[in-house]
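The structure appears right after this line, and notes come after that.
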Amino acid sequence: AQSVTQLDSQVPVFEEAPVELRCNYSSSVSVYLFWYVQYPNQGLQLLLKYLSGSTLVKGINGFEAEFNKSQTSFHLRKPSVHISDTAEYFCAVRRSQGNLIFGKGTKLSVKP
Amino acid sequence: NAGVTQTPKFQVLKTGQSMTLQCAQDMNHNSMYWYRQDPGMGLRLIYYSASEGTTDKGEVPNGYNVSRLNKREFSLRLESAAPSQTSVYFCASSLSVRDTIYFGEGSWLTVV
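Chain order of the listed sequences is A and B. Oh and the first sequence: position 97 is 98 in our numbering, straight run, nothing missing. Oh and the second sequence: position 32 is 1030 in our numbering, straight run, nothing missing.
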């Protein structure tokens, strides 16, 4: 069965500092991996996705993620965060049926 | 540019009451989904419809029913609401089971 583990429930960071949000997955088959962002009281917005090809994936708002098959990881990174990046971030893996399995989320809090 | 539209946005129910959450998408997508979001649990799939005319159970289907009314609309019904169904509900859609999933803004449901 596929599953997703987000290793940190909360990540506090100062503005302009780099950040990494960690995600590990388990799957016995080819994976499609996603990061979504949820701003307060809003729906989920796709940040980036890995389907195949280059293991370094660039997304919106300056975020990027690296697919590491040997470590079964898909960590999200940003070299310099802004206050506006404060949100909850969800890692997800896509099942063969098409629906997503989500991690429990990481709350990123950017402090001035 | 509506995307995925859910109604109502907020609802308070008494235990035992019934209600239907409505969802419509205007992107001509084939696949539609209902998720619930609870604090610290991420998003969990309730039901999904891979294509018009089909519906399947997700991770947490108990206490819910769905109807894929047509290609645009996918409703979620609570026949006898329970406090454990207090949650934020998200409808989502994708062109196919292999394409990006787009989310609605969410429906906040409280059962007292």
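All C-beta atoms, glycine included, are put in the ideal place defined by N, C-alpha and C.
Query raised in the report: Cβ of residue 1036 (chain B) within 8 Å of Cβ of residue 1045 (chain B)?
Result: Residue mapping note: residue 1036 (chain B) aligns to position 38 of the second sequence, counting from 1. Residue mapping note: residue 1045 (chain B) aligns to position 47 of the second sequence, counting from 1. No, these two residues do not count as a Cβ contact at 8 Å.
Query - Within 8 Å, strictly: CB atoms of residue 8 (chain A) and residue 77 (chain A) - result: What you label residue 8 (chain A) is simply residue 7 of the first sequence in a count that begins at 1. What you label residue 77 (chain A) is simply residue 76 of the first sequence in a count that begins at 1. Contact flag unset, no.
Query raised in the report: When the Cα atoms are used, what is the spatial distance from residue 38 (chain A) to residue 107 (chain A)?
Result: Walking along the first sequence from the start, residue 38 (chain A) turns up at place 37. Walking along the first sequence from the start, residue 107 (chain A) turns up at place 106. Taking the straight line joining both Cα atoms gives about 10 Å.
Report task. Figure out for me which residue from B:1034, B:1082, B:1029 and B:1097 has the closest Cα to the Cα of residue 1136 (chain B). Result -> Past the boundaries of the shown model lies residue 1136 (chain B); chain B is included only from 999 to 1110, so the question cannot be answered.
Query raised in the report: Which whole-angstrom value is the C-beta distance of residue 34 (chain A) and residue 40 (chain A), which I expect to be below 8 Å?
Result: Residue 34 (chain A) sits at position 33 when you count from the first residue of the first sequence. Residue 40 (chain A) sits at position 39 when you count from the first residue of the first sequence. About 21 Å separates the two Cβ atoms, so there is no contact after all.
Report task. Thinking residue 1073 (chain B) and residue 1064 (chain B) are a contact (beta carbons under 8 Å), I'd like their distance in whole angstroms, please. Result -> Residue numbering aside, residue 1073 (chain B) sits at position 75 when the second sequence is read from its first letter. Residue numbering aside, residue 1064 (chain B) sits at position 66 when the second sequence is read from its first letter. That belief holds up - the Cβ atoms of residue 1073 (chain B) and residue 1064 (chain B) are roughly 7 Å apart, short of 8 Å.
Report task. Specify the secondary structure class of residue 71 (chain A) as computed by DSSP and reduced to three states. Result -> For the purposes of this step, residue 71 (chain A) is taken as residue 70 along the first sequence, with counting starting at 1. The answer is coil: DSSP assigns residue 71 (chain A) none of H, G, I, E or B.
Query raised in the report: Among A:12, A:5, A:3 and A:6, which has the Cα closest to the Cα of residue 86 (chain A)?
Result: Within the first sequence, the letter at position 85 stands for residue 86 (chain A). Looking at the Cα atoms, A:12 is the closest of the given residues.
Query raised in the report: Buried or exposed: which applies to residue 17 (chain A), given that a residue is buried once 16 or more other Cβ atoms fall within 10 Å of its Cβ?
Result: Counted from its first residue, the first sequence places residue 17 (chain A) at position 16. With fewer than 16 Cβ atoms within 10 Å of its Cβ, residue 17 (chain A) is classed as exposed.
Requested in this report: Tell me residue 1040 (chain B)'s beta-bridge partners as DSSP assigns them.
Outcome: On the second sequence, residue 1040 (chain B) is found 42 positions in, with the first residue counted as 1. Answer by DSSP bridge pairing, in chain order: B:1036.
**Report entry** Continuous beta strand (DSSP E) stretch holding residue 95 (chain A): start and end
**Finding:** Here the question's residue 95 (chain A) lines up with position 94 in the first sequence. Segment 88–95, the beta strand (DSSP E) holding residue 95 (chain A).
Query raised in the report: From residue 1088 (chain B) to residue 36 (chain A), what distance separates their C-alpha atoms?
Result: Position 90 of the second sequence holds residue 1088 (chain B). Position 35 of the first sequence holds residue 36 (chain A). Going by the C-alpha atoms only, they are around 17 Å apart.
Query raised in the report: Residues in its own chain within less than 6 Å of residue 1004 (chain B) by CB, not counting five upstream and five downstream?
Result: The residue labelled residue 1004 (chain B) in the question sits at position 6 within the second sequence. The answer, listed in chain order, is 1021, 1089, 1102 and 1105.
Report task. Establish whether the CB of residue 1025 (chain B) and some CB of chain A are separated by less than 8 Å. Result -> Position 27 of the second sequence holds residue 1025 (chain B). Output row for residue 1025 (chain B): interface = no.
Query raised in the report: Going along the chain, which residues of its own chain have a beta-carbon closer than 8 Å to the beta-carbon of residue 1007 (chain B), five neighbours each way excluded?
Result: Within the second sequence, numbered from 1, the residue matching residue 1007 (chain B) stands at position 9. The residues 1103, 1104, 1105 and 1106, in chain order, have a CB closer than 8 Å to that of residue 1007 (chain B) in the same chain once the five nearest residues on each side in sequence are set aside.
Report task. With 8 Å as the threshold, decide whether the Cβ of residue 106 (chain A) is near any Cβ in chain B. Result -> Your numbering for residue 106 (chain A) matches position 105 in the first sequence. Chain B, which has a Cβ nearer than 8 Å to the Cβ of residue 106 (chain A), makes this yes.
Query - Simplified DSSP assignment, three categories, for residue 1099 (chain B) - result: Translated into the one-based positions of the second sequence, residue 1099 (chain B) becomes position 101. Residue state, collapsed to three classes: coil.
Requested in this report: Give a yes or no on whether the minimum CB-CB distance between residue 54 (chain A) and chain B is below 8 Å.
Outcome: Working through the first sequence from its first residue, we reach residue 54 (chain A) at position 53. False, the Cβ-Cβ gap to chain B never drops below 8 Å.
Query - chain A contact for residue 1062 (chain B) (CB, 8 Å cutoff) - result: For the purposes of this step, residue 1062 (chain B) is identified with residue 64 of the second sequence, where counting begins at 1. No, because no Cβ of chain A sits closer than 8 Å to the Cβ of residue 1062 (chain B).
Query raised in the report: According to a CB-to-CB cut-off of less than 7 Å, which residues of the stretch 1062–1090 of chain B neighbour chain A?
Result: Taking 7 Å as the Cβ-Cβ cut-off against chain A, the residues of the stretch 1062–1090 of chain B that qualify are 1088.
Query raised in the report: What span of residues does the beta strand (DSSP E) with residue 1073 (chain B) cover, start to end?
Result: Sequence index remark: in the second sequence, residue 1073 (chain B) carries index 75 (1-based). First-last of the beta strand (DSSP E) with residue 1073 (chain B): 1072–1076.
Query - Cβ-Cβ distance between residue 53 (chain A) and residue 94 (chain A) below 8 Å - result: Counted from its first residue, the first sequence places residue 53 (chain A) at position 52. Counted from its first residue, the first sequence places residue 94 (chain A) at position 93. In this structure, residue 94 (chain A) does not lie closer than 8 Å to residue 53 (chain A) by Cβ.
Query raised in the report: Any idea which residues DSSP pairs residue 1008 (chain B) with across the strands?
Result: To locate residue 1008 (chain B), count along the second sequence from 1; it is residue 10. DSSP lists B:1106 as partners of residue 1008 (chain B).
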